[in-house]
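According to the UniProt record's numbering, the sequence shown is numbered sequentially starting from 1.
Note that beta-carbon positions come from the ideal geometry of N, C-alpha and C, so glycine has one too.
Quick caveat: nothing in here was measured; it's all calculated off a predicted structure.
To start, the structure itself, in structure tokens.
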Amino acid sequence: MKAIPPQEFKSKCRFEEEKLNGITDLTVMIKHALDLADNLCYVTTLKDYELNHSSFLPYLQVLHKVLDSPTYTQEILKKAYLYSMSFRHILPRLYISMVIASLLEDTTYLSNVCSMLISECQPLQGLMLRFTAISFFPLNSPLLAQFCVTNFNEMLYLTKGFLETYPNEIKTAAGWISSNISMSLAKVHDSFLINHYIETAISCDIKEIGESSLEAISYSIPREAFEQFIPNLKLFYTSHPITENTTKIIAYIIETVPTAKLAYEFSKGTTYENLCNIEIAKRCFNEKDYETLKNIADKEEVAMIIIIEAGSEKFIEIGKPFARGSVLTIEFLRRITPNIKVETVRRFLEAEIEDMKIEIYETLKATIMKGDFPADYFAKLFAPPFKFQSTDFLMYVVSHGYRMGVSRETLIGYIRVSKMLPPSVRAAAMGLVMHIDELIFYILGLSDQLSRMFLINKIDKAFPKEYIPKILEKCETSKEIQALFNAVVVFEDNSLAGQVLDKLLEKDSDIETNEGLINFYFVNIINTIYGASEERLPVSQTTIEAIFQHVLNAVKTAIEFPFPLTTPKKMKHWKKIVSYGPKIDNLYFIHPKITEIIELIEKLTSL
Numbered sequence: 001m002k003a004i005p006p007q008e009f010k011s012k013c014r015f016e017e018e019k020l021n022g023i024t025d026l027t028v029m030i031k032h033a034l035d036l037a038d039n040l041c042y043v044t045t046l047k048d049y050e051l052n053h054s055s056f057l058p059y060l061q062v063l064h065k066v067l068d069s070p071t072y073t074q075e076i077l078k079k080a081y082l083y084s085m086s087f088r089h090i091l092p093r094l095y096i097s098m099v100i101a102s103l104l105e106d107t108t109y110l111s112n113v114c115s116m117l118i119s120e121c122q123p124l125q126g127l128m129l130r131f132t133a134i135s136f137f138p139l140n141s142p143l144l145a146q147f148c149v150t151n152f153n154e155m156l157y158l159t160k161g162f163l164e165t166y167p168n169e170i171k172t173a174a175g176w177i178s179s180n181i182s183m184s185l186a187k188v189h190d191s192f193l194i195n196h197y198i199e200t201a202i203s204c205d206i207k208e209i210g211e212s213s214l215e216a217i218s219y220s221i222p223r224e225a226f227e228q229f230i231p232n233l234k235l236f237y238t239s240h241p242i243t244e245n246t247t248k249i250i251a252y253i254i255e256t257v258p259t260a261k262l263a264y265e266f267s268k269g270t271t272y273e274n275l276c277n278i279e280i281a282k283r284c285f286n287e288k289d290y291e292t293l294k295n296i297a298d299k300e301e302v303a304m305i306i307i308i309e310a311g312s313e314k315f316i317e318i319g320k321p322f323a324r325g326s327v328l329t330i331e332f333l334r335r336i337t338p339n340i341k342v343e344t345v346r347r348f349l350e351a352e353i354e355d356m357k358i359e360i361y362e363t364l365k366a367t368i369m370k371g372d373f374p375a376d377y378f379a380k381l382f383a384p385p386f387k388f389q390s391t392d393f394l395m396y397v398v399s400h401g402y403r404m405g406v407s408r409e410t411l412i413g414y415i416r417v418s419k420m421l422p423p424s425v426r427a428a429a430m431g432l433v434m435h436i437d438e439l440i441f442y443i444l445g446l447s448d449q450l451s452r453m454f455l456i457n458k459i460d461k462a463f464p465k466e467y468i469p470k471i472l473e474k475c476e477t478s479k480e481i482q483a484l485f486n487a488v489v490v491f492e493d494n495s496l497a498g499q500v501l502d503k504l505l506e507k508d509s510d511i512e513t514n515e516g517l518i519n520f521y522f523v524n525i526i527n528t529i530y531g532a533s534e535e536r537l538p539v540s541q542t543t544i545e546a547i548f549q550h551v552l553n554a555v556k557t558a559i560e561f562p563f564p565l566t567t568p569k570k571m572k573h574w575k576k577i578v579s580y581g582p583k584i585d586n587l588y589f590i591h592p593k594i595t596e597i598i599e600l601i602e603k604l605t606s607l
């Protein structure tokens, strides 16, 4: 006998379905059913067998429905059962007798069919038969649980032979087995059966079959029953490699188990532990289970959720101090409030406190600016060994702390430990809190030009001028001395200004070019002298004459050069500056030198 092609077989099945209700002779009905099932014995390809079986299964369901009516008594069905058992081929015999036996109250018949299923050992036919058998098994049968065990074991056994013939059809076989598990567990939730499925899946040497089976088992276990199966389920995921499919199953289990605590206990120690942390953390929040949350709070991704969702105050109750360089530090600092003990904040920052990145300083500054932190909190937060390595942050903390009422001694202590910052920065910070005499002694104790320039720029009429000679003594460059001269003019003390200029004249050698020398004097010193001389001479006539003689000598030297000293534009600027001198009556004694300088500049300009 030849196999009927799939499309023709499908039509034949539909035709026989329609005839079922019209057949009054049960023997004829069963014979037609056996003949239809017999066609499956001759199908030779997997694709055709799957198509023909999918067409035959609806027919069996209609047959079962027709036989399950008062018309057919138990005695009539027993005769039909015996008739089906007499068919020449085992496969049709088992299909039809299973349908009939599922309707008989005497379980002996069903037991006999179950024991005979092993007779069909052709892998493809045997797998599809067992896949079908579970769908007709009566829900209230005492044989159901044991049948599920046996049926599953036999399907696994037949799968090996099936894969020898169809090595590329692992997914197909896995689909049949997982569907069989799902149907079995939909009919009976027996703990022995579930554990058997789990243990068998764990020991399965075909990875895809094991994974697929575990997926079906996991999706079929009732939520309230999950706890008792966690130990066995965990055995699989403790050693099983991570795959896309198993990751999906794990996510389902974590979401489904009754409590966050059980979810954590399930994931702990498995290869999937780190993948579960975020979902477990979310469950902990929803269930307010902070004790369980503590177990995973040291994981960076979980800590981030805690800080963002619950804030730094709650994180302190649960979490642990951060490792250096942790991205959590920024999020933590954004959310600190005066309600959090400053000692606790310091403890959580201990890895960063002596060497912070600029982002941390900026975040801390923003938090302080928007928070109402008291002075004592502020003072303790930045106490040593806190190190300031950001200029802006140090200046902000010192100025803000001073306004808040933090003691000068405390703020000065912050500055002194900030050794990584340049001396000039520390000097500027000291200038915010020190009295002027303290600041002078502090800066004069530094060997730093920028710090001295900072001090010079603070000179005004209120500045104690008795310190000027000490400052002058420390000045090392003509730039400092020139700035000091410009500053001391405010005292209207010729002697003091003269001391500064005398030292300045000694520094001509520091200026490398004539252009630099002339520019230095014209733009800086001469302007200062002219401005001060409108009222009275800022220094003695002798000193002023010496200054202009320096300028005159420099310009004379420039005329001897075979090339222009500088640009015509700059020389015109010099001329404009020096030409203002004859208009100042107090400088009458120097007018001849000024005139000579102007003539020489004009000559230079024409070269």
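Interface flag, residue i vs chain B, CB-CB below 8 Å
i	result
Ala173	In summary, chain B is missing from the structure at hand, where a single protein chain is found.
Nearest residue (CA-CA) to residue i, options the options
i	options	result
Glu301	Ser326, Ile594 and Thr543	Ser326
Glu105	Tyr81, Thr27 and Leu496	Tyr81
Leu235	Tyr252, Arg346 and Tyr272	Tyr272
Ile481	Pro469, Val500 and Leu496	Val500
Leu139	Thr557, Ser102, Gln125 and Leu275	Ser102
Asp493	Glu466, Tyr237 and Leu233	Glu466
Ile547	Glu535, Ile529, Thr557 and Ser533	Ile529
Val425	Leu51, Leu60 and Tyr442	Tyr442
residue 627	Lys603, Phe162 and Ala323	Residue 627 is absent from the structure shown; the chain starts at 1 and stops at 607.
Val417	Val397, Phe386 and Val257	Phe386
Residue environment, residue i, which counts as buried when at least 16 other CB atoms sit within 10 Å
i	result
Phe192	exposed
Pro384	exposed
Ser218	buried
His435	exposed
Lys187	buried
Thr477	exposed
Glu8	exposed
Glu473	exposed
Thr246	buried
residue 608	Any question about residue 608 goes unanswered here, given that the chain covers just 1 to 607.
Glu599	exposed
Ser495	exposed
Pro123	buried
Ala462	exposed
Gly431	buried
Tyr252	exposed
Ile118	exposed
Continuous alpha helix (DSSP H) stretch holding residue i: start and end
i	result
Asn286	Glu273 to Glu287
Ser451	Gln449 to Asn457
Asn153	Leu144 to Thr165
Tyr290	Tyr290 to Lys294
Thr132	Pro123 to Phe136
Arg346	Val342 to Phe348
Tyr83	Gln74 to Ser84
His435	That residue, His435, is in no alpha helix (DSSP H); it is neither H nor E in DSSP.
Asn486	Ser478 to Val488
Ala33	Leu26 to Asp38
Ala260	Ala260 to Ser267
Pro338	From DSSP, Pro338 is part of no alpha helix (DSSP H); its letter is neither H nor E.
Cys13	Pro6 to Leu20
Leu46	Leu46 to Leu67
Ile198	Ser191 to Ser203
Thr528	Asn527 to Ser533
Thr71	Note, Thr71: premise wrong, no alpha helix (DSSP H); not H, not E.
Whether residue i touches residue j by CB criterion (8 Å)
i	j	result
Leu129	Phe137	no
Phe388	Tyr414	yes
Arg597	Val539	Here residue 597 is Ile; the residue named in the question, Arg, does not match the sequence. Not a contact, by the Cβ cut-off of 8 Å.
Leu537	Ile544	yes
Leu94	Glu120	yes
Thr165	Pro142	no
Ile4	Ile96	no
Phe152	Asn180	yes
Glu208	Lys171	yes
Glu17	Tyr59	yes
Lys261	Asp289	yes
Asp460	Pro423	no
Leu328	Glu169	no
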